[in-house]
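One structure below.
Protein chains: 2
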Amino acid sequence: MNGAESLVRTAQACGIKVCFANPGTTEMPLVAALDASAGIRPVLALFEGVCSGAADGYARMSDSPAMTLLHLGPGFANSIANFHNARRARSAVLNVIGNHAIWHLQYDAPLTSDIFSLARPVSGWVRESSSSMALARDTAEAIAAAGHYPGKVATLIVRADCQWDAADAAAAPIEVPSMPHVADAAIDRAAVMLRKHQSSVLYLGGQGLRARSLAAAARIAARTGCVLIAETFPARMERGAGYPAVARLPYFPEQALEALAPYHAMVIAGAPKPVAFFGYPDAPSVLIPQGCQVEMLAEPETGVAAALEALAEALGAPARPKILDAERPAKPSGPLSAANIGAALGALIPDHGILMDEGATTGFSAYATSIGARPHTYLSLTGGAIGQGLPCATGAAVASPDRKVIAFQADGGGMYTLQALWTNARESLDVITIICNNRAYRILQVELARAGVTEPGKYARSLTRLDEPEINWVDLARGMGVPGVRVSTADELVRELERALPERGPKLIEMMM
Amino acid sequence: MNGAESLVRTAQACGIKVCFANPGTTEMPLVAALDASAGIRPVLALFEGVCSGAADGYARMSDSPAMTLLHLGPGFANSIANFHNARRARSAVLNVIGNHAIWHLQYDAPLTSDIFSLARPVSGWVRESSSSMALARDTAEAIAAAGHYPGKVATLIVRADCQWDAADAAAAPIEVPSMPHVADAAIDRAAVMLRKHQSSVLYLGGQGLRARSLAAAARIAARTGCVLIAETFPARMERGAGYPAVARLPYFPEQALEALAPYHAMVIAGAPKPVAFFGYPDAPSVLIPQGCQVEMLAEPETGVAAALEALAEALGAPARPKILDAERPAKPSGPLSAANIGAALGALIPDHGILMDEGATTGFSAYATSIGARPHTYLSLTGGAIGQGLPCATGAAVASPDRKVIAFQADGGGMYTLQALWTNARESLDVITIICNNRAYRILQVELARAGVTEPGKYARSLTRLDEPEINWVDLARGMGVPGVRVSTADELVRELERALPERGPKLIEMMM
Numbered sequence: 108m109n110g111a112e113s114l115v116r117t118a119q120a121c122g123i124k125v126c127f128a129n130p131g132t133t134e135m136p137l138v139a140a141l142d143a144s145a146g147i148r149p150v151l152a153l154f155e156g157v158c159s160g161a162a163d164g165y166a167r168m169s170d171s172p173a174m175t176l177l178h179l180g181p182g183f184a185n186s187i188a189n190f191h192n193a194r195r196a197r198s199a200v201l202n203v204i205g206n207h208a209i210w211h212l213q214y215d216a217p218l219t220s221d222i223f224s225l226a227r228p229v230s231g232w233v234r235e236s237s238s239s240m241a242l243a244r245d246t247a248e249a250i251a252a253a254g255h256y257p258g259k260v261a262t263l264i265v266r267a268d269c270q271w272d273a274a275d276a277a278a279a280p281i282e283v284p285s286m287p288h289v290a291d292a293a294i295d296r297a298a299v300m301l302r303k304h305q306s307s308v309l310y311l312g313g314q315g316l317r318a319r320s321l322a323a324a325a326r327i328a329a330r331t332g333c334v335l336i337a338e339t340f341p342a343r344m345e346r347g348a349g350y351p352a353v354a355r356l357p358y359f360p361e362q363a364l365e366a367l368a369p370y371h372a373m374v375i376a377g378a379p380k381p382v383a384f385f386g387y388p389d390a391p392s393v394l395i396p397q398g399c400q401v402e403m404l405a406e407p408e409t410g411v412a413a414a415l416e417a418l419a420e421a422l423g424a425p426a427r428p429k430i431l432d433a434e435r436p437a438k439p440s441g442p443l444s445a446a447n448i449g450a451a452l453g454a455l456i457p458d459h460g461i462l463m464d465e466g467a468t469t470g471f472s473a474y475a476t477s478i479g480a481r482p483h484t485y486l487s488l489t490g491g492a493i494g495q496g497l498p499c500a501t502g503a504a505v506a507s508p509d510r511k512v513i514a515f516q517a518d519g520g521g522m523y524t525l526q527a528l529w530t531n532a533r534e535s536l537d538v539i540t541i542i543c544n545n546r547a548y549r550i551l552q553v554e555l556a557r558a559g560v561t562e563p564g565k566y567a568r569s570l571t572r573l574d575e576p577e578i579n580w581v582d583l584a585r586g587m588g589v590p591g592v593r594v595s596t597a598d599e600l601v602r603e604l605e606r607a608l609p610e611r612g613p614k615l616i617e618m619m620m
Numbered sequence: 108m109n110g111a112e113s114l115v116r117t118a119q120a121c122g123i124k125v126c127f128a129n130p131g132t133t134e135m136p137l138v139a140a141l142d143a144s145a146g147i148r149p150v151l152a153l154f155e156g157v158c159s160g161a162a163d164g165y166a167r168m169s170d171s172p173a174m175t176l177l178h179l180g181p182g183f184a185n186s187i188a189n190f191h192n193a194r195r196a197r198s199a200v201l202n203v204i205g206n207h208a209i210w211h212l213q214y215d216a217p218l219t220s221d222i223f224s225l226a227r228p229v230s231g232w233v234r235e236s237s238s239s240m241a242l243a244r245d246t247a248e249a250i251a252a253a254g255h256y257p258g259k260v261a262t263l264i265v266r267a268d269c270q271w272d273a274a275d276a277a278a279a280p281i282e283v284p285s286m287p288h289v290a291d292a293a294i295d296r297a298a299v300m301l302r303k304h305q306s307s308v309l310y311l312g313g314q315g316l317r318a319r320s321l322a323a324a325a326r327i328a329a330r331t332g333c334v335l336i337a338e339t340f341p342a343r344m345e346r347g348a349g350y351p352a353v354a355r356l357p358y359f360p361e362q363a364l365e366a367l368a369p370y371h372a373m374v375i376a377g378a379p380k381p382v383a384f385f386g387y388p389d390a391p392s393v394l395i396p397q398g399c400q401v402e403m404l405a406e407p408e409t410g411v412a413a414a415l416e417a418l419a420e421a422l423g424a425p426a427r428p429k430i431l432d433a434e435r436p437a438k439p440s441g442p443l444s445a446a447n448i449g450a451a452l453g454a455l456i457p458d459h460g461i462l463m464d465e466g467a468t469t470g471f472s473a474y475a476t477s478i479g480a481r482p483h484t485y486l487s488l489t490g491g492a493i494g495q496g497l498p499c500a501t502g503a504a505v506a507s508p509d510r511k512v513i514a515f516q517a518d519g520g521g522m523y524t525l526q527a528l529w530t531n532a533r534e535s536l537d538v539i540t541i542i543c544n545n546r547a548y549r550i551l552q553v554e555l556a557r558a559g560v561t562e563p564g565k566y567a568r569s570l571t572r573l574d575e576p577e578i579n580w581v582d583l584a585r586g587m588g589v590p591g592v593r594v595s596t597a598d599e600l601v602r603e604l605e606r607a608l609p610e611r612g613p614k615l616i617e618m619m620m
């Protein structure tokens, strides 16, 4: 057994099933080892940002560590933006990066770079293996670090000589430390606060938006009358019929503060304190209204679901409160407005569908209008690095082959990692990609206006518009083996969604807005 | 004047003419400032890797600093791979990255990251401005650092508050220190060596492959009989009729050592000592045959052209040696072999054309068969980070609007940064993109065989093949506004090249190999 085989066999023993890969010369022994052990399925992506985004989506849906295999510093660098999103999503990923053989590093060959410096900002754990003999143990430790609840990116840098030199054996899995429990005192304080204030909000994020947590949150809301509000960009959230209605905190700080203004108390579970996405002159960074009391029930790294259940018990909440489902929207007709698009999604998302929302300006509206949909899983752009939606949908589909995935994607971000469509075609993934083609970085046009530029000059216009030439997503999709169609009205969108949903395999619908 | 305006006006005063940009919210004041000063032309790319690759190409062709404008850590991260190539090309780039306002950084908002750690590995100079008042001076210093011969990437991190707060004025350009001269002793030693050894090689790289250096090299070769060999991946090289024939050092170490085996002495000018691209078991890293004496005439950071001219003088070389031009190849006919493709390029490259070669396995052969072409400029993939060719051609075309650019591109690398085609269309750039569609990472198939995997397993095959589905580059190009055509024979390639060359504007030719 060589080092590469010891790595692959250890990863397999630790439960790794899929590896999103774009390897190069320095990773060839690992490629051969994947064939030799045959227990980990490699999924090729034609750009590393697709690998990291797919790993994130896979980890979110499978709740087990994903794996990536990337080529040296520059290949890994292409994956950083989506690892940034994965870090914000607290996704568990074993990220393996090859490196030059030890004697070759000193010569500063063309692909040599400081991989550590590049990896640290997105990795909760980084190590370079010192020898082929250490590789199995390092792999087991990396996977344990990645799986440390709720999850992180663990980067293992593996020199070529460590891959091809001899190794002893695979290592056994290392037990992951159990998640920290929330102290009784925090639960008591939250209970006191919710009992005292008539007008209160339970602010949920991270694991607080999973099914078990939401069931407890519904009990708490039924008992206290508190409203449920989610962090603006949740990694994963269950919603639709049978789940309590949860609004998302609005994106812009003044809107967020307005949404929170009625509440005198806020209990937080699974999220950090709400802060603005960007700092603006004359706008606060912390999105808590003056005079609103705050109690941190459960940090994202603690047992959020158990804490919410304990809080429900402490409050004497009913065991099975009646949840009033919002009405499923009717199929819309008319222009392709954000509200109509949201209604189409709300009307047609199938049971247990997965909706990846990088719809940007269109997505914000669509969320609200789809609240009465069939029960489904909602994924969003956690770290603000656009280009996450298509790859994350790819990874979600690999993790959940029996569930329909809808990638709801703004055109600007879609262009960052459009190569994901090719992987959808190669793997026959059941993903319907819906492109919001508004031919603009619309959010930046809004931001320009906020910055006082009400009549943008020639250059500001050119930097925020995606026309001249217009992009044709049906052509792009066809070029990568994905059949597509253009729609210009809500009626056409409904028709094409109804046509695509019963079929399996990748499709693309381009909405000309 | 605010800080953003002071930055833009300073950059303009320092000679910056073009900014390859993909800004976001934290860069909006800089976008407004570009409009206000109107002296720097922004060029939008739909992915940051296109910005950095285009800046590299622009700097190589204009010999003046390019500028990029990128969005925070994750946006910048997408540009790192091509900045890695730019660093290896010693290209001068002012790289401006926005950041959160100072009071907002502490809240770890979603897009917050360690920009310094990400930027350092590709930047020869990094600074975060401390205030709006410091921004003009920081900009001038950054541009001076970028322009420090032969060039580097200078990264200036500019918080949003530094952009919108008040500033005094633009700063004046800072004089760049003159390049270090090569010591007389080194010239004498090289002259002694070349006189002593009948069989010697002048190994050229960096500035040693520009017109002035090559004229001196031709004189030295005429006097001493030495052969001229270029580093494997030159940033920029003049070649074709009127220039001395210069072979490229082969890629694989055993081939490189075989090519160098006949020579007992090597004088190096403008390049580091030749080293292998990768380290292999049982292969040396340093590509200098045993017993071959080496003299470093001029490091890449010194006055290479002047050193070569001084060496020619010291040797008493003829002032204008007769250069025997290789014969221009005939237009080929028959299958799309690498030799035929090289012949087509060699026969048809127009006078003063620019050939960007990321042809990978096809490019190696095409170089040799196009040696008798009309005089043209040759650019190559300096740092090994694939996905540089299309953006670098974009930037070269922006820098040289009167010259025809040919982007000779392997399919694997092309998929990394295909968004460059959209910028070619938007800016009506005169670029003919030629795709080598062999539906494989062919170089990795070769590397697998070198690693002893002569019958690749299912997974190794799937990770090195780009079929299932096949990519259609004509569809991809059309989707981004670039007209394209497929060819399957050398005759068709010649016909389509002859059709495209007299026209202006972007075109794509997909070679089905």
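Chains as they are written, first to last, in our numbering: chain R, 108 to 620; chain P, 108 to 620.
A virtual CB, placed ideally from N, CA and C, is assigned to each residue, including glycine.
Val138 (chain R): member of the alpha helix (DSSP H) spanning 135-144, first to last residue. Residues of the stretch 308-324 of chain P with a C-beta atom less than 8 Å from some C-beta of chain R do not occur.
Under the Cβ distance rule, Met618 (chain R) does not count among the residues neighbouring chain P, no pair being separated by less than 9 Å. Sorting R:Phe359, R:Ala322, R:Glu365 by C-alpha distance to the C-alpha of Met344 (chain R) places R:Ala322 at the top.
By the C-beta criterion, the stretch 484-500 of chain P is judged to be in contact with the stretch 157-166 of chain P, since at least 3 inter-stretch pairs fall below 8 Å.
Per DSSP, reduced to three states, the secondary structure at Gly156 (chain P) is helical.
For Glu338 (chain R), the number of other beta carbons within 10 angstroms of its own is at least 16, and it is reported as buried.
Take Arg194 (chain R), set aside five residues on each side of it, and the residues of its chain with a beta-carbon closer than 6 Å to its own are Val229, Val260, in chain order.
Of P:Ser169, P:Ala503, P:Phe384, P:Val538, the smallest CA-CA separation from Ile616 (chain P) is found for P:Val538. Runs of the alpha helix (DSSP H) spanning 4 or more residues and lying entirely within the stretch 343-368 of chain P occur at 360-367, in chain order. Boundaries of the beta strand (DSSP E) harbouring Trp232 (chain P): 232-235, taken from the DSSP string. Inter-residue distance for Gly470 (chain R) and Gly520 (chain R) is about 12 Å (C-alpha atoms, whole angstroms). When C-alpha distances from Ala437 (chain P) are compared across P:Ala424, P:Pro425, P:Gly453, the shortest belongs to P:Gly453.
Chain order gives no chain R residues near Ala527 (chain P), where near means a beta carbon separation below 8 Å; the closest approach is about 11 Å.
Interface residue (Cβ-Cβ distance to chain R less than 9 Å): Trp232 (chain P) is not classified as such. For Glu554 (chain R), the chain P residues whose C-beta falls within less than 7 Å of its own C-beta are Thr132, Met135, listed in chain order. One alpha carbon belongs to Pro609 (chain P), the other to Arg234 (chain P), and they sit about 46 Å apart. Pro172 (chain R) sits buried, since 16 or more C-beta atoms from the chains shown fall within 10 Å of its C-beta. Just so you know, the alpha carbons of Asn185 (chain P) and Ala424 (chain R) end up roughly 49 Å apart. Chain P places no beta carbon closer than 9 Å to that of Leu364 (chain R), leaving this residue out of the contacts. The beta carbon of Pro136 (chain P) sits closer than 6 Å to the beta carbons of Ala111, Gln270, Trp271 from its chain, once the five residues preceding and following it are set aside; these are given in chain order. Between Leu536 (chain P) and Val560 (chain P), the beta carbon gap of about 41 Å keeps them out of contact (Cβ cut-off 8 Å). Within the same chain, Cβ atoms closer than 6 Å to the Cβ of Ala372 (chain R) are found at Met300, His304, Ser307, Gln400, the five residues on either side in sequence being excluded. Contact between the stretch 435-450 of chain R and the stretch 394-413 of chain R is absent: fewer than three C-beta pairs spanning the two stretches fall below 8 Å.
Around Ala276 (chain P), the same chain offers no residue with a beta carbon nearer than 6 Å, after the five sequence neighbours per side are excluded. Interface criterion not met: the Cβ of Phe471 (chain R) is under 9 Å from no Cβ in chain P.
Closer than 9 Å at the C-beta level to chain P, one finds these residues of the stretch 375-400 of chain R: Pro379, Lys380, Val382, Ala383, Phe384, Phe385, Gly386, Tyr387, Pro388, Ser392, Val393. Where Ser569 (chain R) is concerned, there is no enclosing beta strand (DSSP E), although the alpha helix (DSSP H) around it starts and stops at 565-571. Within the stretch 195-225 of chain P, contact with chain R at the beta-carbon level (separation under 7 Å) is assigned to Arg195, His207, Ala208, Trp210, His211, Tyr214, Ala216, Pro217, Leu218, Ser220, Asp221, Ser224, Leu225.
Distances from the CA of Val601 (chain R) to each of R:Gly449, R:Ala514, R:Cys333 were compared; the closest alpha carbon is that of R:Gly449. When secondary structure is reduced to three states using DSSP, Leu114 (chain R) falls in the helix class.
In this structure the stretch 351-360 of chain R does not lie against the stretch 284-301 of chain R, because fewer than three pairs of beta carbons, one per stretch, are closer than 8 Å. Close to Ile456 (chain R), with beta-carbon spacing below 9 Å, lies no residue of chain P; the smallest spacing is near 26 Å.
In the structure shown, Gln119 (chain R) falls within a helical segment according to DSSP collapsed to helix, strand and coil. Membership of Phe127 (chain R) in the beta strand (DSSP E) is indicated by the continuous run 125-129.
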